[in-house]
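Report on one structure; see the data block that follows.
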Amino acid sequence: FACAGHLTGVLGQAMALVSLLAAYFLSIPAGRALTGLLVTRMGFGPSVGYLLGRALAGTLIYMSLACFAHAVNRRYGLDEQGEMKPWNRRWGAALGAVKGLALAFLALCVLDAFQAAVETAAPRAYYAYQRSLSRHVVSRTNPLAELSVVEDVKAIRAVASNPEAVARLQSRLNVAELLAHPKVKALAEDETLAEAIRSGNYPQVLTNGKVRALMEDEEVIALAQRLDVMKSIREVAVELKLNHK
1 FACAGHLTGV
11 LGQAMALVSL
21 LAAYFLSIPA
31 GRALTGLLVT
41 RMGFGPSVGY
51 LLGRALAGTL
61 IYMSLACFAH
71 AVNRRYGLDE
81 QGEMKPWNRR
91 WGAALGAVKG
101 LALAFLALCV
111 LDAFQAAVET
121 AAPRAYYAYQ
131 RSLSRHVVSR
141 TNPLAELSVV
151 EDVKAIRAVA
161 SNPEAVARLQ
171 SRLNVAELLA
181 HPKVKALAED
191 ETLAEAIRSG
201 NYPQVLTNGK
211 VRALMEDEEV
221 IALAQRLDVM
231 KSIREVAVEL
241 KLNHK
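One point on numbering: in the working numbering, the residue at position 31 of the sequence shown is 31, and numbering is uninterrupted.
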């Protein structure tokens with residue numbers, strides 16, 4: 001990464017990073033417009049349509065900004081002979097090294113968050129990570145360790161299968177209709193999903209058919225948004241310490 005930064009220069013790398021961040025945030029409003037088209041014209045579910053819409057919008061925005069960044073780098077980062085200016089190379093190497101360290105940390109975070117899947121797919125990488133000193137540092141600071149969708153599924157299942165939690169939740173909101181929904185009840189009854197949650201097998205949770213069906217069901221989404229159910233479910237799960245069971 002340091003060598004790549006030395007060759008491309010700090011200006012080119014910085015502009016590429018700005019383009020990436022801008023594409024990420026600008027894809028939110030742009031993706032919403034594409035979502036409607038994907039859902040109504042192509043038959044995608046709301047969640048899948050939103051993800052595809054954002055991905056498409058983000059790609060188009062990034063490509064446009066990347067072309068602009070290339071022009072800026074040629075204008076200010078090169079001399080009259082078209083050679084990279086010395087300051088551009090030096091700072092480019094430094095930024096490349098920092099980027100390499102950041103990507104290495106991100107890779108370790110992914111490895112730490114998806115240990116169950118990595119152990120099966122790449123046992124050598126898994127056991128090497130278990131013996132490494134970086135494991136203790138990454139495990140304490142890993143932002144991927146608590147994925148919101150995994151925690152939400154865990155809370156829904158714990159509350160839906162606990163009579164005391166259901167009673168407490170119903171005393172706060174009239175959510176009997178949501179809890180009685182077949183797709184919500186299916187989560188509480190799925191032992192394979194429960195085992196995946198207990199073992200930290202996040203990929204299995206995220207790809208579970210019942211979880212995906214719940215996330216894409218327009219009726220469930222409308223009910224949850226109207227009642228702000230997820231907030232209450234999380235609060236009840238924390239109060240009864242259900243997530244620790």
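Think of the CB as a built atom: it goes at the ideal place given N, C-alpha and C, for glycine as much as any other residue.
Note that this is a predicted model, so its numbers are computed, not measured.
By the 16-neighbour rule on beta-carbons within 10 angstroms, Met-84 is buried. A check of alpha carbon separations from Thr-207 across Leu-193, Val-220, Glu-218 and Arg-198 identifies Leu-193 as the nearest.
Bounds of the alpha helix (DSSP H) holding Ser-199 are 191-199. Every candidate beta strand (DSSP E) stretch fails here, since none sits fully inside the stretch 31-90 while reaching 3 residues. Assignment of Lys-241 by DSSP, reduced to helix, strand and coil, places it in the coil class. A Cβ-Cβ contact shorter than 7 Å links Leu-11 with Asn-88.
Shown here, His-181 sits in coil according to DSSP, grouped into three states, outside any helix or strand. Taking a contact to require three or more Cβ pairs closer than 8 Å, the stretch 9-26 and the stretch 56-72 qualify as touching. In summary, Met-42 is exposed, with fewer than 16 beta-carbon neighbours lying within 10 Å of its beta-carbon over all protein chains present. In chain order, Val-159, Val-175, Ser-232, Ile-233 and Val-236 place their CB closer than 7 Å to the CB of Leu-169, counting only its own chain and leaving out the 5 sequence neighbours on each side. Burial state of Val-18 is exposed, judged by a 10 Å Cβ sphere holding fewer than 16 other Cβ atoms.
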